[in-house]
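> Quick one: the structure is below, questions incoming.
Chains as they are written, first to last, in the numbering used here: chain A, 879 to 1005; chain B, 234 to 379.
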């Protein structure tokens, strides 16, 4: 891994019921994520993905770049911008910014429909 | 906004969470993990782990409940109707395995206003049964209009 390398893209299309499964798995049952009617009542186009679910996809893409060892992911910092929706493909990607002392810093993000829903993300991997 | 700056530095009762094997599998399946160390106890042992390994982002499962008293603290006074989760950071140390008991302590790291938004920054520190830190989280919530 060296400066300028691109991470292998992770492409995932969460199905209609993914937010329900993620709600159960994570314990976050905020109705904006699981109830389209409620989401519309509070001014959203529909129910939206959990930001921390999308962050988990960025974490997977980063860990995969380090050969899949979960202990390799030392730090992940993200900003949530825009909304993610079920039934549309998400692409998590990144580029190696720096490799030094057995650590790599990756600039990473997740986009959906050309909208960068996780941005300014930075992952630190031990190599 | 009431003067919430008094709440900066405040910390809350630790939250204890016992990590179950099937909860790890449920979480790993929900986020689409494919690494067998998160799904198959035998593969985890063959890879040198005592038990099934929690994916890094499983941190939200055992640490988020510790944040609840901070989020609902009247002294913090966060307006949920106008709140969005703006940013998140995790810094990992030791791996978390099935059977671990994790204690997480949350605190208010900062509350600040800029550009008609209030930024509420909370920190969580999680340690395992040996007292070793496993993850440190920084949770930033943004409330528009203060």
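Cβ atoms here follow ideal geometry from the backbone N, Cα and C, with glycine treated the same way.
Note that the structure is a prediction, hence the values are computed from the model and not measured.
Determine, using beta carbons only, whether residue 903 of chain A comes closer than 8 Å to chain B.
Interface residue, yes.
> Please name the residues in the stretch 288 to 304 of chain B whose beta-carbon is closer than 8 Å to at least one beta-carbon of chain A, in chain order.
Under the 8 Å Cβ criterion, the stretch 288 to 304 of chain B contributes 288, 289, 290, 293, 294, 297, 298.
> Out of B:352, B:288, B:367, B:363, which has the shortest C-alpha to C-alpha gap to residue 260 of chain B?
The shortest C-alpha separation from residue 260 of chain B is found at B:288.
> Can you say whether residue 998 of chain A is buried or exposed, counting buried as having 16 or more other CB atoms within 10 angstroms of its CB?
The residue in question, residue 998 of chain A, is exposed, as its Cβ has fewer than 16 Cβ neighbours within 10 Å.
> Helix, strand or coil, according to DSSP, for residue 320 of chain B in the structure here?
It is a strand residue.
> Grouping DSSP H, G and I as helix and E and B as strand, with all else coil, what is residue 374 of chain B?
Strand at residue 374 of chain B.
> Residue range of the beta strand (DSSP E) that residue 353 of chain B falls in?
Here the beta strand (DSSP E) through residue 353 of chain B covers 350 to 360.
> Note down, in chain order, every chain A residue with its Cβ under 9 Å from the Cβ of residue 259 of chain B.
Within 9 Å Cβ-Cβ: 899, 902, 903.
> Below 7 Å on C-beta distance, what does residue 320 of chain B contact in chain A?
Going along chain A in sequence order, the residues near residue 320 of chain B (Cβ under 7 Å) are 956, 957, 958.
> Can you tell me whether residue 1002 of chain A is helix, strand or coil according to DSSP?
Strand.
> Can you grab the Cα-Cα spacing for the pair residue 934 of chain A / residue 262 of chain B, in whole Å?
Cα-Cα distance, rounded: 12 Å.
> Could you give the residue range of the alpha helix (DSSP H) that holds residue 240 of chain B?
Unbroken run through residue 240 of chain B: none, as it is neither H nor E.
> Which residues in the same chain have their Cβ closer than 7 Å to the Cβ of residue 926 of chain A, if we skip the five residues on either side of it in sequence?
Closer than 7 Å at Cβ, skipping near neighbours: 910, 911, 917, 961, 962, 963.
> Rounded to whole angstroms, how far is the Cβ of residue 357 of chain B from the Cβ of residue 244 of chain B, which I believe are closer than 8 Å?
In fact, because the Cβ distance is near 10 Å, the residues do not count as touching under 8 Å.
> Looking at chain A, which residues of the stretch 258 to 282 of chain B have a Cβ within less than 8 Å of any of its Cβ atoms?
The residues in question are 259, 260, 262, 263, 264, 265, 266, 268, 270, 271.
> Rounded to whole angstroms, what's the CA-CA distance from residue 334 of chain B to residue 980 of chain A? Just pull it up for me.
Taking the straight line from one Cα to the other gives about 31 Å.
> Can you name the residues of chain B whose CB is closer than 7 Å to the CB of residue 879 of chain A?
In chain order: nothing, as chain B lies at least about 18 Å away.
> For the alpha helix (DSSP H) containing residue 929 of chain A, name the first residue and the last one.
929 to 943 is the extent of the alpha helix (DSSP H) around residue 929 of chain A.
> Can you tell me the Cα-Cα spacing of residue 891 of chain A and residue 915 of chain A, whole angstroms?
Taking the straight line joining both Cα atoms gives about 22 Å.
> Less than 8 Å between CB atoms is the rule here; does residue 285 of chain B satisfy it with respect to chain A?
Judged by the 8 Å Cβ criterion, residue 285 of chain B is not in contact with chain A.
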